[in-house]
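All residue numbers for the sequence shown refer to our numbering, where the first residue is 1287 and numbers rise by one.
Glycine residues also receive a C-beta, built at the ideal position from the N, C-alpha and C atoms.
Notes follow the structure.
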Amino acid sequence: MSDEPVLEVDNLHTQFNTREGTVHAVDGVSFTVDEGEIVGIVGESGSGKSVNALSLVRLEDPGTITEGSIRFRGTEMTEADDRAIRRIRGDGMAMVFQDPMETLNPVFRVGEQIEESLKIHENPGSQKLLDYLNVPLFSDSNERKERRNRVAELMEQVGIPHPHERLDDYPHEFSGGMRQRATLAIALAREPDLLIADEPTTALDVTIQAAILDRIEELRDKLGMSVVLISHDFGVIAEVCDRVLVMYGGEIMESGTTEQILTNPQHPYTRALLDCMPQNTQPKEPLRIIDGQVPNLKNPDTGCMFAPRCEHATEECRGNEIHDRNVDDGHRVACCNLGSVEGRTGVESEENRS
C-alpha cells in the first residue's frame, strides 16, 4: 500500500458565471484521501458539497475551476486533456449520483448497462468508436455468457438478490434501493481506486439506507478502494467514515477524524448540525433547526460565511478573513472564536458503539 494519498485537493475554487454575478460554489477547499480511507463531506444543501465532488471528476461544467489543484494518483486533473480524464473516469475514479436514474438509461436492461461498464473498463477510449460503427459489445456467445456471469457476481456483490433472474429487468422494475445498488455495480465494474458517492442514500428508508452503507464499507474492506461519501446527514457520515469535512458556503469549516468531530466539535456550525440530529433531541422536544438561511455565494463578503447565523459571532468574525488552525492532531477549524462551543454532543462513532 502506497504512503501517498490517492487524492490531493489543494485550494480548489469552482465558480459559476451568471447574469446576477459570480457564484463561488467551492472557495478554497483543501483535503486528502488516503488508501482505503472513507472521507465524509457533510453540510446543508447549497454548501458546495456536490459541486466539489463533480469538480473532482471534472464534471463541473457549466462551472469553471479557476484556481487550485486536484491530483489523482500523481495526475493533475486540472491540466489533463479530455482523453486522460476519460481514462481516469473509466479506470481510476467512479461516481455514484444521488438519483440513480441519472446513471441508468430507462430503455436498456440493467444487466446490459453493467455489461457496458465492464467492456469500457477493459477497453478505455473505445466507447465512441463502438457506438459509431454499431459494433456489439461482445464478439461471441461464450464471451457474452462470461460477461453476464460477471455481471451477476457484481449484482450479488452489491446486495441485489437473485441476480441471474434480474439481469434482464429494466430500471423501472427495480425499487429505489435496488436501482441505487445497480448504479453501485456499474461503478464497481470499473474496479476504481476511488469511489465518490454523492448522497447515495437520500430518499431511501432507513433499512435500505443502512444496507447501502454497510455494502460500501464491506466493499472498501474487500477491494481496498478509497471512498468520498457526501451527505447532509451526520448520522450517515458517523456510520462509516474515517474522517469528516464539514462544508458551509463553499468552504471547509472543520475537519478531523470522525471521533474528533462527533465528540469534540469546535466550530459553531458543526455543533449546530449535530444538535439538529434527532438522537440529540429530548423526548417530546421539537426538532432543532439552524436559524437563518444558507449564504448567497454571489460575490461573498470577507469574513466567516456562518457569522450571520452564529450566536457566537463577533466583529472579528464578520470583518476578517478566517484561516483554519490546528487544534489537535489533524483536527482543523476555521474559526477565530475557538472555545465558544462547549460540551459533548452525545453522538458516538461506530467504533465506540461496537
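ask   = Skipping 5 residues on each side, what residues in its chain have a beta carbon closer than 8 Å to that of threonine 1600?
value = Cys1622 and Asn1623
key: Candidates Pro1564, Val1312, Asn1391 and Gly1463: closest to proline 1581 by CA position   = Val1312
request  = State the CB to CB distance for the pair glutamate 1330 and valine 1337, rounded to an integer number of angstroms; the pair is presumed to be in contact (CB under 8 Å).
outcome  = Their Cβ separation, rounded to whole angstroms, is 14 Å, which puts glutamate 1330 and valine 1337 out of contact at 8 Å.
query = Start and end of the beta strand (DSSP E) containing isoleucine 1446?
reply = First-last for isoleucine 1446: undefined, no H or E at that position.
task = Would you list, in sequence order, the uninterrupted alpha helix (DSSP H) runs of no fewer than 4 residues that lie entirely inside the region 1545–1618?
result = 1554–1561 and 1601–1605
task = Check whether the Cβ atoms of glycine 1655 and leucine 1505 sit closer than 8 Å, and answer yes or no.
result = Outside the shown range of the chain, which is 1287 to 1640, sits residue 1655, and nothing can be said about it.
Collapsed DSSP secondary structure at glutamate 1346 in the structure displayed = coil
message = What does the Cβ neighbour count give for phenylalanine 1383, buried or exposed, with the cut at 16 atoms within 10 Å?
response = buried
query = Buried or exposed: histidine 1310, going by 16 or more other Cβ atoms within 10 Å of its Cβ?
reply = buried
message = Assuming contact is defined by CB atoms lying nearer than 8 Å, are glycine 1326 and serine 1512 in contact in what I supplied?
response = Glycine 1326 places its beta carbon 8 Å or farther from that of serine 1512.
Cβ contact (3+ pairs, closer than 8 Å) linking the region 1439–1458 and the region 1392–1406 = yes
key: Bounding residues of the beta strand (DSSP E) (the contiguous stretch that carries glutamine 1384)   = Per DSSP, glutamine 1384 belongs to no beta strand (DSSP E) and is neither H nor E.
key: Three-state secondary structure assigned by DSSP to threonine 1487   = coil
key: Spatially closest choice to isoleucine 1482 from Thr1304, Gly1307, Asn1303 and Leu1342, by CA coordinates   = Minimum Cα-Cα distance from isoleucine 1482 among the listed residues Thr1304, Gly1307, Asn1303 and Leu1342 corresponds to Leu1342.
Same chain only: Cβ atoms within 8 Å of alanine 1497, ignoring 5 sequence neighbours per side = Gly1445 and Gly1463
query = Can you check whether the CB of phenylalanine 1358 is closer than 8 Å to the CB of isoleucine 1538?
reply = no
query = In the structure shown, what three-state DSSP assignment does aspartate 1407 receive?
reply = A small fix is needed here, since residue 1407 is histidine in this sequence, not aspartate. Of the three classes helix, strand and coil, the one that applies to histidine 1407 here is helix, per DSSP.
task = Along the beta strand (DSSP E) that carries threonine 1304, what are the first and last residues, could you check?
result = Residues 1293–1304.
ask   = Excluding five sequence neighbours on each side, which residues of the same chain lie with their C-beta closer than 6 Å to the C-beta of proline 1386?
value = Arg1465, Gln1466 and Thr1469
Under the three-state DSSP convention, the category glutamate 1353 falls into = strand
key: Extent of the continuous beta strand (DSSP E) run through aspartate 1313   = 1307–1319
request  = Pick out whichever of Lys1335, Leu1298 and Val1292 has its Cα sitting closest to the Cα of glutamine 1485.
outcome  = First, the amino acid is wrong: residue 1485 is glutamate here, not glutamine. Ranking Lys1335, Leu1298 and Val1292 by Cα distance to glutamate 1485 puts Lys1335 first.
request  = Determine the burial state of glycine 1307: buried for a count of at least 16 other Cβ atoms within 10 Å of its Cβ, exposed for fewer.
outcome  = exposed
key: CA-to-CA distance, serine 1355 to glycine 1589, given in whole angstroms   = 24 Å
query = Taking the C-alpha atoms as reference points, what is the distance between serine 1403 and arginine 1430?
reply = 14 Å
ask   = Among Ile1472, Gly1605 and Leu1390, which has the Cα closest to the Cα of proline 1457?
value = With distances taken between Cα atoms, proline 1457 lies closest to Leu1390.
ask   = Run through DSSP, which three-state label would leucine 1624 get?
value = Correct three-state label for leucine 1624: coil.
key: Limits of the alpha helix (DSSP H) - the one that methionine 1464 falls within   = Annotation for methionine 1464: the continuous alpha helix (DSSP H) segment containing it runs 1462–1474.
query = In whole angstroms, what is the alpha-carbon distance linking tyrosine 1555 and histidine 1518?
reply = Going by the C-alpha atoms only, they are around 13 Å apart.
Residues sharing a beta bridge with threonine 1543, DSSP = Arg1529
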